[in-house]
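> Residue numbers (this note's numbering), protein chains in the order written: chain Y, 1 to 361; chain W, 1001 to 1361. Backbone N, C-alpha and C define an ideal beta-carbon position, used for all residues, glycine too. As the structure is a computational prediction, the values presented were derived from the model and not from experiment. Pasting in a structure now, in structure tokens, and then I'll have a few things to ask.
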């Protein structure tokens, strides 16, 4: 390998290393056009046809715009990208979590991108990660006590909420949201349990800082009232995790929370919590369905294969993602558009975790 | 709300809107320092103490550096960020997939960030997404036929491979990798099945463009030879998905692939495929363990709760993520470091999907 030619560069390339002049001549454009075409920040200044021709020639001649690239790299971001081939595969999240833990301790943040096992998409992602900032944000992380929306406003980034709303009064009117009708959804679970003959029903609720948990809790109480029933107990889990579900269900089973007579069914605020509910019941020697019926919420992947298969409330994962993406694109194109608040209607999926109570109510 | 004061700004703030001069006076610095401290691109030019003081004063007075923010937003990136509160929760990937599908059709790419339900982290992520590029990349998506590594080199971005290696000769020496000992891992599955008494063992392999699939396939054949056994059949699944596993297992059960006598056990290349294997066996009226033993690979979350609970090869998710993060940080700090290739040793986890064959071999 030869060292790079000193500036000013010779007009003719050495046999081993092409210059920007070679690329310009071959592509039939000025050198400045080569530079613009290969710098993602200025590519918009040339036509798509020119950008493609220059890129092809540069690739063929093996010329790398290292000066451009170096210029782009002078700012340090303390931001790390991670590409995964398939986010649907649950193998990756625990790996990503470990990566994030280490990087966060060093002041780095982590951005994940999904290549979908597609090489062209992978290339595009790397280029974007290397050269660009985000134009918009979809927030699935809305919760009380955050300044996410004000930050978006500060940076001039359009945002749309998904799955969770902001608490009332926290700027909800200023931002579009695509969420579930959580009140209706948990009501379907209550109706199902009541129809099976259950009267002594408990609610294992989610963390109350989050809209899904608040709305499902309120919806549970409302629907129980509708049936003329008082809840046996309401236990709040500390987080939407398997372990928090185990802890909350253990408290319920051992009478560590204020409770009426022992429940014959528990309507749980989401499917992750149900995994912990199953763990707690197994540890206590209680059988799901036979001893206590369990309902979940979300119909997350694979709960059809757990044992017993989970009766749950199916949310519209796909419609939710698509709607949020469409709204964001529309609002980016036309910032003055009226904001939308969409509630998608969930449905009951009956599987094997619910059954009539062993004894009459 | 008043419109912003015209430039040049008056020396004194109106009662309703602070100016940069107010922030500068209150923080005891020049206005140019305020500007530098609040622009993430130039924050490194002031001390951390000054940056913090200025930020606090600006927040208290409600002054937003809108001109700075606007300047940062003049380039359009066609890149969208998504924040999720908990990537471990399998509810989010299907939602993200839908978002990506819509955005990709419009030429947008999507970057996902995990807030871990932490408001401070969420703020940091938004700021980074809004103002910065990535410094480094961790690639879990390595596969044949991609130019990921050459792109990283072109943009001057340090990269580390995780879980999957590049094909031999595709620049592997130039990049560090943290992967599993896949050959050893699948050998543990073969040893376990042989110890249970199985002799007629098939392999349901993964997509052969990916190193994990190739290495597990080769490792399966090698370990079968070690035991003096010939495989009943080897079927390649088209992808690491539940549906591809169902299709491949159906082909195996229906004799649609070249096969010897019917198998009593199948060593499957990963856990996602096993979900489809269970689906195919259920559809064919065959019982997992009782009729055909099944082993997986990865020990992904929740396979302890599927029915029957999956015997599988546990990889070191956490160590893998941590090692890759540490290596990337080290190589970013010292680009001349020798590249590392780390193979983590997996272990067998015996659950209920494997049993002695119903009849002798």
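Take the Cβ of residue 1324 of chain W as the centre, count every other Cβ of all protein chains shown within 10 Å, and call the residue buried at 16 or more, exposed below.
For the purposes of this step, residue 1324 of chain W is taken as residue 324 along the second chain, with counting starting at 1. Classification of residue 1324 of chain W: buried, given that the 10 Å Cβ count is 16 or more.
> Rounded to whole angstroms, what's the CA-CA distance from residue 1310 of chain W to residue 1287 of chain W? Just pull it up for me.
One-based indexing of the second chain puts residue 1310 of chain W at position 310. One-based indexing of the second chain puts residue 1287 of chain W at position 287. Looking at the two C-alpha atoms, the distance is approximately 13 Å.
> Check the Cβ of residue 123 of chain Y against every Cβ in chain W and list those closer than 8 Å, keeping chain order.
If you number the first chain from 1, residue 123 of chain Y lands on position 123. Here the neighbours are 1146, 1147, 1148, 1151.
> What residue range does the alpha helix (DSSP H) around residue 53 of chain Y cover?
Numbered from its first residue, the first chain carries residue 53 of chain Y at position 53. 48-61 is the extent of the alpha helix (DSSP H) around residue 53 of chain Y.
> So, is residue 1347 of chain W buried or exposed, given that buried needs 16 or more other C-beta atoms within 10 angstroms?
If you number the second chain from 1, residue 1347 of chain W lands on position 347. Classification for residue 1347 of chain W: exposed.
> Alpha carbon to alpha carbon, what distance is there between residue 240 of chain Y and residue 144 of chain Y?
Residue mapping note: residue 144 of chain Y aligns to position 144 of the first chain, counting from 1. Residue mapping note: residue 240 of chain Y aligns to position 240 of the first chain, counting from 1. Whole-angstrom Cα-Cα distance: 15 Å.
> Between residue 1161 of chain W and chain Y, is any beta-carbon pair separated by less than 7 Å?
For the purposes of this step, residue 1161 of chain W is taken as residue 161 along the second chain, with counting starting at 1. Not one chain Y Cβ lies under 7 Å of residue 1161 of chain W.
> Determine the burial state of residue 1290 of chain W: buried for a count of at least 16 other Cβ atoms within 10 Å of its Cβ, exposed for fewer.
In the second chain, residue 1290 of chain W corresponds to position 290, counting from 1. Exposed is the call here.
> In whole angstroms, give me the CA-to-CA distance for residue 243 of chain Y and residue 1034 of chain W.
Within the first chain, numbered from 1, the residue matching residue 243 of chain Y stands at position 243. Within the second chain, numbered from 1, the residue matching residue 1034 of chain W stands at position 34. If you draw a straight line from the Cα of residue 243 of chain Y to the Cα of residue 1034 of chain W, it comes to about 46 Å.
> Give the straight-line distance between the Cα atoms of residue 1276 of chain W and residue 237 of chain Y, rounded to the nearest whole angstrom.
Start at 1 with the first residue of the second chain, and residue 1276 of chain W comes out as number 276. Start at 1 with the first residue of the first chain, and residue 237 of chain Y comes out as number 237. If I take the Cα positions, the gap works out to 32 Å.
> Apart from the five residues on each side of it in sequence, which residues of its chain come closer than 8 Å, Cβ to Cβ, to residue 1269 of chain W?
For the purposes of this step, residue 1269 of chain W is taken as residue 269 along the second chain, with counting starting at 1. The answer, listed in chain order, is 1186, 1203, 1204, 1205, 1206, 1212, 1213, 1216, 1217, 1237, 1240, 1297.
> Spell out whether any CB of chain W is found under 7 Å from the CB atom of residue 99 of chain Y.
By 1-based counting over the first chain, the position of residue 99 of chain Y is 99. Judged by the 7 Å Cβ criterion, residue 99 of chain Y is in contact with chain W.
> Applying the criterion that 16 or more other CB atoms from any shown protein chain within 10 Å of the CB defines a buried residue, is residue 1066 of chain W buried or exposed?
Position 66 of the second chain, counting from 1, holds the residue named residue 1066 of chain W. Its pLDDT being 48, under 50, residue 1066 of chain W is placed unreliably in this model, and the value from its coordinates should be taken loosely. So residue 1066 of chain W ends up on the exposed side.
> Pick out whichever of Y:28, Y:292, Y:197, Y:30 has its Cα sitting closest to the Cα of residue 252 of chain Y.
Within the first chain, the letter at position 252 stands for residue 252 of chain Y. Residue Y:292 is the option with its Cα nearest to residue 252 of chain Y.
> Using a Cβ-Cβ cut-off of less than 8 Å, give me the residues of the stretch 1321-1355 of chain W that come near chain Y, in sequence order.
1321, 1322, 1324, 1325, 1326, 1328, 1329
> Specify the secondary structure class of residue 203 of chain Y as computed by DSSP and reduced to three states.
Within the first chain, numbered from 1, the residue matching residue 203 of chain Y stands at position 203. Of the three classes helix, strand and coil, the one that applies to residue 203 of chain Y here is strand, per DSSP.
> Checking 7 Å against the spacing of the C-beta atoms, do residue 1109 of chain W and residue 149 of chain Y come in under that value?
Translated into positions along the second chain, residue 1109 of chain W becomes position 109. Translated into positions along the first chain, residue 149 of chain Y becomes position 149. Taking 7 Å as the Cβ cut-off, residue 1109 of chain W and residue 149 of chain Y do not qualify as a contacting pair.
> Just to check my reading of the structure: residue 81 of chain Y and residue 1134 of chain W have Cβ atoms closer than 8 Å, yes? What is that Cβ distance to the nearest angstrom?
Translated into positions along the first chain, residue 81 of chain Y becomes position 81. Translated into positions along the second chain, residue 1134 of chain W becomes position 134. About 4 Å; that satisfies the 8 Å criterion.
> At a CB distance below 7 Å, what residues from the stretch 1281-1308 of chain W approach chain Y? Give them in sequence order.
Cβ contacts with chain Y: 1298, 1300, 1301, 1302, 1305, 1306, 1307.
> Report yes or no: is there a C-beta of chain Y within less than 7 Å of the C-beta of residue 1071 of chain W?
In the second chain, counting from the first residue as 1, residue 1071 of chain W sits at position 71. Per-residue confidence for residue 1071 of chain W stands at a pLDDT of 38, beneath the threshold of 50, marking its modelled position as unreliable; the derived number appears in the next sentence. Chain Y contact via Cβ: absent.
> For residue 295 of chain Y, is the classification buried or exposed, using 16 other Cβ atoms within 10 angstroms of its Cβ as the cut-off for buried?
Taking the first chain and counting its residues from 1, the one referred to as residue 295 of chain Y is at position 295. Buried, by the Cβ-count rule.
> Less than 7 Å between the C-beta atoms of residue 1299 of chain W and residue 1246 of chain W, yes or no?
The count along the second chain starts at 1 and reaches residue 1299 of chain W at position 299. The count along the second chain starts at 1 and reaches residue 1246 of chain W at position 246. With a cutoff of 7 Å on beta-carbon distance, residue 1299 of chain W and residue 1246 of chain W are scored as not near each other.
> Using the Cα positions of residue 1190 of chain W and residue 1222 of chain W, report the straight-line distance between them to the nearest angstrom.
Residue numbering aside, residue 1190 of chain W sits at position 190 when the second chain is read from its first letter. Residue numbering aside, residue 1222 of chain W sits at position 222 when the second chain is read from its first letter. The straight-line gap from Cα to Cα measures roughly 10 Å.
> Whole angstroms is fine: what's the gap from residue 1074 of chain W's alpha carbon to residue 1129 of chain W's?
The residue you call residue 1074 of chain W lines up with position 74 of the second chain. The residue you call residue 1129 of chain W lines up with position 129 of the second chain. Its pLDDT being 41, under 50, residue 1074 of chain W is placed unreliably by the model, and the measurement read from it follows with that caveat. Going by the C-alpha atoms only, they are around 15 Å apart.
> Determine the direct distance from the alpha carbon of residue 1195 of chain W to that of residue 106 of chain Y, and round the result to whole angstroms.
For the purposes of this step, residue 106 of chain Y is taken as the residue at position 106 of the first chain. For the purposes of this step, residue 1195 of chain W is taken as the residue at position 195 of the second chain. C-alpha separation (whole angstroms): 46 Å.
> Could one say the Cβ of residue 1166 of chain W lies closer than 7 Å to chain Y's Cβ atoms, at least one of them?
Along the second chain, read from residue 1 onward, the residue named residue 1166 of chain W stands at position 166. Taking Cβ atoms only, chain Y never reaches closer than 7 Å to residue 1166 of chain W, which makes this a no.
> Return the Cβ separation of residue 1139 of chain W and residue 1111 of chain W in integer angstroms, given the expectation that the two are a contact with Cβ distance under 8 Å.
Taking the first residue of the second chain as position 1, residue 1139 of chain W is located at position 139. Taking the first residue of the second chain as position 1, residue 1111 of chain W is located at position 111. With 8 Å as the limit, residue 1139 of chain W and residue 1111 of chain W do not qualify as a contact, their Cβ atoms being about 15 Å apart.
> Residue 1072 of chain W to residue 198 of chain Y, Cα distance in whole Å?
On the second chain, residue 1072 of chain W is found 72 positions in, with the first residue counted as 1. On the first chain, residue 198 of chain Y is found 198 positions in, with the first residue counted as 1. Bear in mind that a pLDDT of 41 at residue 1072 of chain W, under 50, signals an unreliable position, so the number given afterwards is only what the model happens to contain. Answer to the nearest angstrom: the Cα atoms are 59 Å apart.
> So, does the CB of residue 1220 of chain W fall closer than 7 Å to a CB anywhere in chain Y?
Translated into positions along the second chain, residue 1220 of chain W becomes position 220. With respect to chain Y, the C-beta atom of residue 1220 of chain W has no partner C-beta closer than 7 Å.
> Hey, quick one: how far does the beta strand (DSSP E) through residue 364 of chain Y stretch, first residue to last?
This structure cannot settle anything about residue 364 of chain Y, because the visible part of chain Y is limited to 1 through 361.
> Helix, strand or coil for residue 1176 of chain W? Go by DSSP, reduced to three states.
Indexing the second chain from 1 puts residue 1176 of chain W at position 176. Note: residue 1176 of chain W maps to strand in three-state DSSP.
> Kindly indicate which residue of Y:345, Y:284, Y:22 has the alpha-carbon position closest to the one of residue 56 of chain Y.
As a first step, residue 56 of chain Y must be located in the first chain, where it is residue number 56. If we check each option's Cα against that of residue 56 of chain Y, Y:22 comes out closest.
> Any heavy atom of the ligand MG inside 6 Å of the beta-carbon of residue 224 of chain Y?
This structure lacks the ligand MG; in fact it carries no ligand of any kind.
> Are the CB atoms of residue 1321 of chain W and residue 99 of chain Y nearer to each other than 7 Å?
Residue numbering aside, residue 1321 of chain W sits at position 321 when the second chain is read from its first letter. Residue numbering aside, residue 99 of chain Y sits at position 99 when the first chain is read from its first letter. Contact check for residue 1321 of chain W against residue 99 of chain Y passes: the beta carbons are separated by less than 7 Å.
> When the distance is taken between beta carbons, is residue 176 of chain Y closer than 7 Å to residue 327 of chain Y?
Looking up residue 327 of chain Y in the first chain gives position 327. Looking up residue 176 of chain Y in the first chain gives position 176. Contact flag set, yes.
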